[in-house]
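As structure tokens, the structure follows; a few thoughts come after it.
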Amino acid sequence: MASDIVFVIALMGVVSAVWGALAIPRLRRRLPKIYLIARSWWFMLAALFGCYAIAKIADRHAELLTSRYPYQWLLIGFFVLIGLRGGYEIKRIWCLPSRARLIHKLQSRGLQPSVTPTSSADHTASATTPHYTHPRGLDGLLSMAFVALIVSLIALQQLTWQREQYGVLLFVLFASQFNDIAQYLCGRLLGHRLFSRGLAPRISPNKSIEGAIFGSMCAALLASLLGVWLTGFEWWLCLLAAYGLAVSGIAGDLLESAFKRQHGIKDTGTMLAGHGGVLDRIDSLLIGVPIFTVLYWLLG
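Residue numbers for the sequence shown follow our numbering, beginning at 23 and rising by one.
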């Protein structure tokens, strides 16, 4: 069995076991947020891996099918749906009435402070523009990064399929996700032990320098092992790519955090329980994936 399919099955098994364990009533009462995170992860991975497996199997056994293209479009359609949902979340935040409804919804679920600080620019916008705020530089930057991400995911899928290097797509996606987890754990264990100030206190007060440094290093090591297994690339190339994805993941996360802080919201949505909106989940991919895709295209 191919290494990428083994990875898919193994990861789904681990997430299923974690979700099942957390579903025990006593653990669910003690760790309600972790339970919701595990449940959301299961559904996200099931959708991604289902599309991935069907598209790959169809591509590898094209001679047995009348046409393989409808199956390939499953994965592309998955990325397009992510793009549509993320675009909706950005538009909803720009629109003042829908942003107010989102804030109210977040407050009703205990995900947003009852008093939301708004900038003077927001007051000016609400006084002069009853429906939409004027997009600022940061909004435009995030929007362009998001569009570049969706285009890059589709292009990367096509490139990896053409070169029959299917595992590269999984490596890129999960190198960034490993970084999120490693940063969180290292931040909880080592946060503010070496540095008194945070990484970006005005943008994301909970992020520590220790979490960024040690988390990115741990994530790069783990992801490089995964990369050697999934892609067949040299270990040093996997390590370099994994570390680049980890560092760019921090930058993407801070970009999205600054966007949310500018608009006075904690999450871009409530679609993914425990995670927030789609933008909250994929922010670590915003910068690294487009850069990796261009390099993979030029150097492959």
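Glycine included, each C-beta is placed from N, C-alpha and C at the ideal position. In this text, all values refer to a predicted model and were calculated from it rather than measured experimentally.
Other residues of its chain near residue i: CB distance less than 6 Å, five sequence neighbours each side excluded
{"i": "Leu308", "result": "Ala167, Leu171, Gly274"}
{"i": "Pro119", "result": "none"}
{"i": "Ile27", "result": "none"}
{"i": "Asp144", "result": "Low confidence applies to Asp144: its pLDDT is 48, below 50, so where it sits in the model is not reliable, and the reading given next is rough at best. Excluding sequence neighbours, Asp144 sits near nothing in its chain."}
{"i": "Gly322", "result": "none"}
{"i": "Ala241", "result": "Phe200, Asn201, Ala204, Ala268"}
{"i": "Gly108", "result": "Phe168, Val300, Leu301"}
{"i": "Gly271", "result": "Ser198, Asn201, Ser306, Gly310"}
{"i": "Tyr57", "result": "Leu44, Arg50"}
{"i": "Cys260", "result": "Ser246, Gly249, Val250"}
Residues near residue i in its chain [Cβ-Cβ closer than 7 Å; skip 5 each side]
{"i": "Leu33", "result": "Leu67"}
{"i": "Thr182", "result": "Tyr188, Val190, Leu191"}
{"i": "Phe314", "result": "Val194, Ala263, Leu267"}
{"i": "Trp63", "result": "Val37"}
{"i": "Asp289", "result": "Leu128, Leu133, Gly298, Gly299, Asp302"}
{"i": "Cys73", "result": "Leu96, Leu97, Phe100"}
{"i": "Val316", "result": "none"}
{"i": "Leu122", "result": "Residue 122 is actually Ala in this sequence, not Leu. Result list for Ala122: empty, nothing under 7 Å."}
Residues that residue i bridges to, as DSSP identifies them
{"i": "Gly220", "result": "Ser230"}
{"i": "Leu294", "result": "Gly298"}
Alpha helix (DSSP H) segment containing residue i, residue limits
{"i": "Met23", "result": "Met23 -> no alpha helix (DSSP H), and no H or E assigned at all."}
{"i": "Gln187", "result": "Looking at the DSSP string, Gln187 is not in any alpha helix (DSSP H), and its letter there is neither H nor E."}
{"i": "Phe344", "result": "The structure shown does not extend to residue 344, since the chain is modelled only from 23 through 322, so no value can be given for it."}
{"i": "Ile79", "result": "54-82"}
{"i": "Ile313", "result": "310-321"}
Spatial neighbours of residue i in its chain, beta-carbon cut-off 8 Å, leaving aside the 5 residues before and after
{"i": "Ile231", "result": "Leu216, Phe217, Arg219, Gly220, Leu221"}
{"i": "Val102", "result": "Ile172, Ile176"}
{"i": "Leu304", "result": "Here the sequence assigns Ile to residue 304, which means Leu is not the residue at that position. Ile104, Gly108, Leu171."}
{"i": "Leu212", "result": "Ser230, Glu232, Gly233, Phe236"}
{"i": "Ala69", "result": "Phe100"}
{"i": "Leu163", "result": "Leu277"}
{"i": "Pro54", "result": "none"}
{"i": "Trp319", "result": "Ala177, Leu181"}
**Study point:** 4-residue-minimum alpha helix (DSSP H) runs that sit fully inside the region 101-144, ordered along the chain
**Key:** 118-130
Practice item. Flag this pair as touching only if the region 292-300 and the region 235-248 have three or more C-beta atom pairs under 8 Å; answer yes or no. Key: No, the region 292-300 is not in contact with the region 235-248.
Check your understanding: Three or more C-beta pairs closer than 8 Å, one from the region 31-47 and one from the region 270-284: is that the case here?
Key -> no
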